[in-house]
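All residue numbers for the sequence shown refer to the numbering used here, where the first residue is 4 and numbers rise by one.
Virtual Cβ for every residue (Gly too), placed ideally from N, Cα, C.
Please read the structure below before turning to the comments.
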Amino acid sequence: MELFRMIKSDARRAMRFCGGREIASVMIIALAYLAISLTESVLLMIFCGKDAFYYDIFSLAKTYDEAVFITAVAAFVWFFVMPALLLGYIKLSLSFAEGNDESIVTLFDMFSSFKKFIGSAFFGIAFVIRYLFVFAAAILPGGAFLWFAETYIPGGNRTAEILKIAACCVAVAIMILCIFLAIIFVQRWNLAAYYRASGMGIHKSFSLSAKATKGLCTRIISFKFSFIGWGIFSLLVLPLIWTVPYYGISNAIFAKYLMERYEHSLAEVPESVSAEVTFEETD
4 MELFRMIKSD ARRAMRFCGG REIASVMIIA LAYLAISLTE SVLLMIFCGK
54 DAFYYDIFSL AKTYDEAVFI TAVAAFVWFF VMPALLLGYI KLSLSFAEGN
104 DESIVTLFDM FSSFKKFIGS AFFGIAFVIR YLFVFAAAIL PGGAFLWFAE
154 TYIPGGNRTA EILKIAACCV AVAIMILCIF LAIIFVQRWN LAAYYRASGM
204 GIHKSFSLSA KATKGLCTRI ISFKFSFIGW GIFSLLVLPL IWTVPYYGIS
254 NAIFAKYLME RYEHSLAEVP ESVSAEVTFE ETD
């Protein structure tokens, strides 16, 4: 689409003057994630020995109490640090999309005050809960149908086995359809992080995002899928250093377009209202 081509063209143009800072920001976030993961792995190896390499956390927890504590602390750190960094990155990308020459220090803006820091963590938790609820609800119909088939279709003969296989196929088809619909539905919160990074409250960010993306969820998915070619190209690993920042700045420009589009729609005054006001002033 022409709009997508224009956004990507603007993103490539923006990358010429902010590409270095975008790449550095992505690398800082990746290093922070790796630091948390590696620290957790090292501590598990120290306290749990070689078992940490061969068993998952649930198996380790049965033998080593330290494993639960280490994983809980790692999750706690992750939920407080990563949302703050990601919101800082979104704010930085949004400022680049608006044509501002921001410093990379903006990446750490959510750490500038205790209120912002805690707010970013709660926003991340709210974001995850909303997504989990939607996808759990999407899996429920197919899962319930599968449970019904396994529980109430008796086995022991060929006809029953065929019915079970057919029921499983129907259940999987229902799950795939519901998950696809859930993917479309959650796009209504695509702008929530951008509104939050702009200083809006948590609830208002989700509310404004739902209003600004109303009727546009399929277009948002189409925009994201238009980067599949770049994703395949990035399997070479090295181009990933360019692709991720390019994708980030493109999303920021698209988000800025949708946010401004919604603001302009609010600013427009219906002709009937305008005529009524003019008539009253004339009288």
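Residues near R191 by beta carbon distance below 7 Å, same chain, minus five either side: S212, A213, T216 and C220
Rounded straight-line distance, which links the Cα of V76 to that of A70: 10 Å
Among F114, A169 and K94, nearest to M203 - alpha-carbon criterion: K94
Reduced DSSP category for E101 - H, G, I as helix; E, B as strand; rest coil: coil
Among E266, V131, I224 and W233, nearest to L184 - alpha-carbon criterion: I224
C-alpha gap between F130 and P248, whole angstroms: 22 Å
Assigned exposure category for P157 - 16 Cβ within 10 Å defines buried: exposed
Straight-line gap, S208 to A195 (C-alpha atoms, nearest Å): 5 Å
Contact under 8 Å by Cβ, S12 with I252: no
CB of M85 within 8 Å of CB of Y36, strictly: yes
Three-way DSSP call (helix, strand, coil) for Y67 in this model: coil
Three-state class that DSSP yields for T216 in the structure shown: coil
Backbone CA spacing between R15 and Y92 [nearest angstrom]: 18 Å
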